[in-house]
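Undergrad:
There are 2 protein chains.
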Amino acid sequence: MNKLKVYIADDHTFVRKGMIRLLNTFDRIGEVKEAANGNELIALVKKTIPDLVVLDLEMPEKNGFDTSKHLIDHYPEVGILILTMHTEEVFILNLIELGVHGFLNKSAEPEEVERALYAVADNDFYRNEIVNHALRSGVRRSTEASSAKLSPRELEILLLICKELTPHEVSTRLQISEKTFFNHRSNILGKIGARGNVGLVKYAYQNHLLELSA
Amino acid sequence: MNKLKVYIADDHTFVRKGMIRLLNTFDRIGEVKEAANGNELIALVKKTIPDLVVLDLEMPEKNGFDTSKHLIDHYPEVGILILTMHTEEVFILNLIELGVHGFLNKSAEPEEVERALYAVADNDFYRNEIVNHALRSGVRRSTEASSAKLSPRELEILLLICKELTPHEVSTRLQISEKTFFNHRSNILGKIGARGNVGLVKYAYQNHLLELSA
DNA sequence: AAAAAAAATGGGAGTTACTCCCATGTAAAA
DNA sequence: TTTTACATGGGAGTAACTCCCATTTTTTTT
Numbered sequence: 000m001n002k003l004k005v006y007i008a009d010d011h012t013f014v015r016k017g018m019i020r021l022l023n024t025f026d027r028i029g030e031v032k033e034a035a036n037g038n039e040l041i042a043l044v045k046k047t048i049p050d051l052v053v054l055d056l057e058m059p060e061k062n063g064f065d066t067s068k069h070l071i072d073h074y075p076e077v078g079i080l081i082l083t084m085h086t087e088e089v090f091i092l093n094l095i096e097l098g099v100h101g102f103l104n105k106s107a108e109p110e111e112v113e114r115a116l117y118a119v120a121d122n123d124f125y126r127n128e129i130v131n132h133a134l135r136s137g138v139r140r141s142t143e144a145s146s147a148k149l150s151p152r153e154l155e156i157l158l159l160i161c162k163e164l165t166p167h168e169v170s171t172r173l174q175i176s177e178k179t180f181f182n183h184r185s186n187i188l189g190k191i192g193a194r195g196n197v198g199l200v201k202y203a204y205q206n207h208l209l210e211l212s213a
Numbered sequence: 000m001n002k003l004k005v006y007i008a009d010d011h012t013f014v015r016k017g018m019i020r021l022l023n024t025f026d027r028i029g030e031v032k033e034a035a036n037g038n039e040l041i042a043l044v045k046k047t048i049p050d051l052v053v054l055d056l057e058m059p060e061k062n063g064f065d066t067s068k069h070l071i072d073h074y075p076e077v078g079i080l081i082l083t084m085h086t087e088e089v090f091i092l093n094l095i096e097l098g099v100h101g102f103l104n105k106s107a108e109p110e111e112v113e114r115a116l117y118a119v120a121d122n123d124f125y126r127n128e129i130v131n132h133a134l135r136s137g138v139r140r141s142t143e144a145s146s147a148k149l150s151p152r153e154l155e156i157l158l159l160i161c162k163e164l165t166p167h168e169v170s171t172r173l174q175i176s177e178k179t180f181f182n183h184r185s186n187i188l189g190k191i192g193a194r195g196n197v198g199l200v201k202y203a204y205q206n207h208l209l210e211l212s213a
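First to last, the protein sequences are chains B and Y. Residues in the first sequence are numbered consecutively from 0, following numbering that gives the first Met the number 0. Residues in the second sequence are numbered consecutively from 0, following numbering that gives the first Met the number 0.
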């Protein structure tokens with residue numbers, strides 16, 4: 000019987016150490032390694048491929064999303080469990096599409112952590128309330144009038160707005176008329192259900208299009 | 000030699016458990032109790048007054064700020080250490096003024112945690128980089144031309160803007176003319192160095208006047 | 001291949017959201 | 001007591017929008 004090799008990446012020492020201590024109490028968990036960010040974790044994986052990785056989303060250097068993408072591209076056999084703080088719906092949907100194997104809230108009980116680890120190792124996917132909630136809201140999105148899936152152009156414009164560019168600056172940079180800019184902006188506002196730039200920036204933050212550190 | 004009684008409040012199980020595990024390795028730390036939010040912690044304190052408490056800022060029910068206020072009012076002899084995620088300058092300055100005894104980042108090393116606990120127990124205050132940084136930014140605020148210390152009215156208006164209220168709605172609610180609203184808004188923009196609502200919302204997020212979950 | 005839907009573009013006309021500069025009373029510092 | 005910050009407001013002009021409409025291209029569905 001070979002035990003599971005698990006790597007964890009989280010920049011917060013307490014979370015990391017707490018998780019390691021917990022993992023060591025589980026029967027089927029063997030070697031545990033730790034990393035403070037995505038790059039460190041990828042370096043560990045490069046040396047020896049683990050059975051599972053546990054990833055925080057917000058990390059310096061390389062965040063959980065980019066790390067997941069890299070792992071799925073290069074090491075598809077590794078099970079990925081995402082550690083979340085809040086339930087960032089849209090981000091979670093993106094991660095599910097990307098192919099991660101499960102989600103755990105940082106306030107999860109030890110039993111759930113164990114269940115999640117074994118589910119990913121044995122069945123390839125751990126479905127819990129976080130996933131259900133995200134999927135439910137995803138259904139809502141695609142049936143309701145105000146769908147939140149932005150087109151590439153809209154995303155581009157959203158990001159430029161978030162950089163504090165004026166309408167004139169954006170339209171000049173993109174070589175389109177201000178009219179077109181405003182049309183795009185209105186469409187974005189409609190899709191995300193906001194009234195103006197305030198709601199737009201909040202959407203960007205909540206969907207991790209913008210980071211707190213930037 | 001009586002050991003230190005420490006209570007910890009944090010809604011994230013991993014952080015809490017990790018901290019408890021760490022505290023148990025320290026020589027001078029005796030009994031450790033835990034709570035998932037401020038109210039639970041206050042209930043514990045009511046029963047037996049501890050030497051130190053370690054508080055997370057973001058918690059359900061009662062957050063770290065309100066909990067600190069309550070403890071300082073009712074149990075001034077208790078040492079308060081705040082556990083922070085990012086370095087929320089404005090919030091930290093408020094907490095220092097309130098009278099908390101120290102700050103620890105969640106990614107702090109075990110050695111620093113031990114140092115901080117003993118410093119608060121022995122000298123009543125633990126001064127580290129987090130505090131220095133907050134104080135420095137506070138000095139900058141009061142000497143530089145573009146001061147970022149908002150007046151109460153300005154803060155009120157900033158928050159209403161962040162709730163996606165229109166200028167008309169804000170001025171109606173506050174019973175002031177739209178002119179006055181715009182004057183306040185301009186002053187805010189000047190102080191925080193922003194061009195419009197985009198920068199304003201970003202400022203609110205970065206200074207934790209707004210939370211990602213909201 | 002044909003039809004439909006979504007994406008990207010732009011205009012006319014009107015309203016709202018601002019900016020810049022100025023001014024006043026009041027309260028708190030120096 | 002003279003500053004300095006705070007909260008309030010006006011006049012006049014500009015930039016930032018909204019609403020409704022229309023065209024072309026690309027992508028998806030049938």
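Even glycine gets a Cβ: it sits at the ideal position worked out from N, Cα and C.
Give every residue of the same chain whose Cβ lies closer than 7 Å to the Cβ of Y/R15, excluding the five residues on either side of it in the sequence, and list them in chain order.
TA: The answer, listed in chain order, is I7, D9, E33.
Undergrad: Could you confirm whether any beta carbon from chain B is found closer than 8 Å to the beta carbon of Y/L21?
TA: yes
Undergrad: Out of Y/N62, Y/M84, Y/I95, state which residue places its alpha-carbon closest to the alpha-carbon of Y/G78.
TA: Y/I95
Undergrad: Do the CB positions of Y/K68 and Y/L97 come within less than 8 Å of each other?
TA: yes
Undergrad: Taking C-beta pairs closer than 8 Å, name the residues in chain B that Y/G198 reaches, listed in chain order.
TA: E163
Undergrad: Thinking B/L103 and B/I28 are a contact (beta carbons under 8 Å), I'd like their distance in whole angstroms, please.
TA: Actually they are not in contact, since the Cβ atoms of B/L103 and B/I28 sit about 14 Å apart, beyond 8 Å.
Undergrad: Measure the alpha-carbon distance for B/Y202 versus B/R184 and round it to whole angstroms.
TA: Their Cα atoms are separated by approximately 13 Å.
Undergrad: Below 8 Å on the Cβ atoms is my guess for Y/I215 versus Y/I91; work out the distance and round it to an integer in Å.
TA: Lying outside 0 to 213, the shown extent of chain Y, residue 215 of chain Y is not represented and no answer is given.
Undergrad: Does any residue of chain Y bring its CB to less than 8 Å from the CB of B/I160?
TA: B/I160 belongs to the set of residues whose beta carbon lies under 8 Å from a beta carbon in chain Y.
Undergrad: Take the Cβ of Y/S170 as the centre, count every other Cβ of all protein chains shown within 10 Å, and call the residue buried at 16 or more, exposed below.
TA: buried
Undergrad: Which residue's Cα is closest to the Cα of B/K2: B/I191, B/D121, B/L159, B/R126?
TA: B/D121
Undergrad: Which residues in chain B sit within 9 Å of Y/D10, going by Cβ to Cβ distance?
TA: K105, S106
Undergrad: What is the DSSP secondary structure of B/T165, reduced to helix, strand or coil?
TA: coil
Undergrad: Determine the contact status of B/E236 and Y/T165, defining contact as a CB-CB distance below 8 Å.
TA: Nothing about residue 236 of chain B can be reported from this structure: the residues present for chain B run from 0 to 213 only.
Undergrad: Could you tell me which of B/L40, B/D65, B/E30, B/F181 sits nearest to B/E153, measuring between CA atoms?
TA: B/F181
Undergrad: Determine, for Y/Y204, whether the minimum Cβ-Cβ distance to residues of chain B falls below 8 Å.
TA: yes
Undergrad: Quick check for students: name the residue ranges of the beta strand (DSSP E) that lie wholly in the region 7 to 74 of chain Y, counting only runs of 3 or more.
TA: 28 to 34, 51 to 55
Undergrad: Spell out whether any CB of chain B is found under 8 Å from the CB atom of Y/M58.
TA: Not an interface residue.
Undergrad: Which bits of chain Y does B/G17 rub up against, with CB to CB less than 8 Å?
TA: T12, F13, V14, R15, K16, G17, M18, R20
Undergrad: Quick one, which residues of the region 176 to 195 of chain Y are near chain B if we go by CB-CB under 9 Å, in chain order?
TA: Answer set for the region 176 to 195 of chain Y: A193, R194, G195.
Undergrad: Need the endpoints of the alpha helix (DSSP H) that Y/G198 sits in, please.
TA: 196 to 205
Undergrad: Output, in chain order, the set of chain B residues within a Cβ distance shorter than 7 Å of Y/K201.
TA: V200
Undergrad: My assumption, with CB atoms under 8 Å, is that Y/T37 sits in contact with Y/T66. Please give the rounded CB distance.
TA: Note that residue 37 of chain Y is Gly in the sequence shown, not Thr. Between Y/G37 and Y/T66 a beta carbon distance of about 3 Å is seen, short of the 8 Å cut, so the two are scored as contacting.
Undergrad: Which one or two residues does DSSP pair with Y/N104 in a beta bridge?
TA: Y/T83
Undergrad: Using CA coordinates, which residue listed in Y/K4, Y/L159, Y/I41 is at the minimum distance from Y/N196?
TA: Y/L159
Undergrad: Could you check the C-alpha separation between B/A214 and Y/I41 for me, to the nearest Å?
TA: Past the boundaries of the shown model lies residue 214 of chain B; chain B is included only from 0 to 213, so the question cannot be answered.
Undergrad: For B/S106, tell me which candidate among Y/I187, Y/V31, Y/N206, Y/P59 has the shortest Cα-Cα distance.
TA: Y/P59
Undergrad: Roughly how many angstroms lie between the CA atoms of Y/R139 and Y/V52, to the nearest whole one?
TA: Since pLDDT at Y/R139 reaches only 39, below the 50 mark, its modelled position is unreliable, and the value read off the structure follows with that caveat. The alpha-carbon atoms of Y/R139 and Y/V52 are separated by roughly 31 Å.
Undergrad: So B/S185 is in the alpha helix (DSSP H); what residue range does that whole segment cover?
TA: 177 to 191
Undergrad: Leaving out five residues before and five after Y/V119 in sequence, what residues of the same chain have Cβ atoms less than 7 Å from its Cβ?
TA: Once the five neighbours on either side are set aside, the close Cβ partners of Y/V119 are L51, G78, L80, H100, G101, Y125.
Undergrad: For B/V112, which three-state DSSP category applies?
TA: helix
Undergrad: Across which residues does DSSP place Y/L3 in a beta bridge pair?
TA: Looking at the DSSP output, Y/L3 bridges to Y/I28.
Undergrad: So for Y/Y117, helix, strand or coil by DSSP?
TA: In this structure, Y/Y117 counts as helix in the three-state DSSP scheme.
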